[in-house]
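What follows is one structure encoded as C-alpha cells, with my remarks underneath.
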Amino acid sequence: MIPEDDLEVGQLRLLEVDNRVVVPAKTHLRLIIASADVLHSWAVPSLGVKCDAVPGRLNQTSILVQREGVCYGQCSEICGTNHAFMPIAVEAVSFEDYASWASNKLS
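Below, the structure written as C-alpha cells:
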C-alpha cells in the first residue's frame, strides 16, 4: 500500500499499491493463491473473484479480464491488525504491453 503522504493526484487512498498485479486482457488466467502466515482472502469484486489464501496450501482460481484497466480489491478475511491495509490492484493491459512489461521485469 502506498502511504497517504506519497499518493499522487487520482490515486485512491487505502487502495493504491506500489506493485500492481499486471495481467494481459482477454486472456484466461489461472491464479495460484497461498499464504505464509494466516488465513487471507484475495478478493477483487469487480472481477468476480475471491479465493482464500491458506498457510501450507495452494488454492487456485481463474479469471478472464475482458477489457484493459485497473480493478481494485482487498483482503476480505479478518486476518490481524493490518487487515485494513492489504489492498489489491489488478492492471489489465494489451497482450503486447504485457509482453513488454514481462520482458522488462526479467531483464
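The working numbering applies: residue 747 is where the sequence shown begins, and numbers increase by one.
Just so it is clear, CB atoms sit at the ideal spot from N, CA and C, and this is done for glycine as well.
- DSSP places ASN805 in the uninterrupted beta strand (DSSP E) bounded by 805 to 810.
- Taking C-beta atoms as the reference points, LEU785 and VAL811 fail to come closer than 8 Å.
- By DSSP's assignment, TRP788 forms a beta bridge with CYS797, CYS821.
- In the three-state reduction of the DSSP assignment, GLU814 falls in the coil class.
- Its chain contains PHE841, TYR844 as the residues whose beta carbon lies nearer than 6 Å to that of PRO770, once the 5 sequence neighbours on both sides are disregarded; these appear in chain order.
- Between ALA835 and LEU761, the C-beta gap is smaller than 8 Å, which places the two residues in contact.
- In this structure, DSSP gives SER781 an extended state, which the three-state scheme calls strand.
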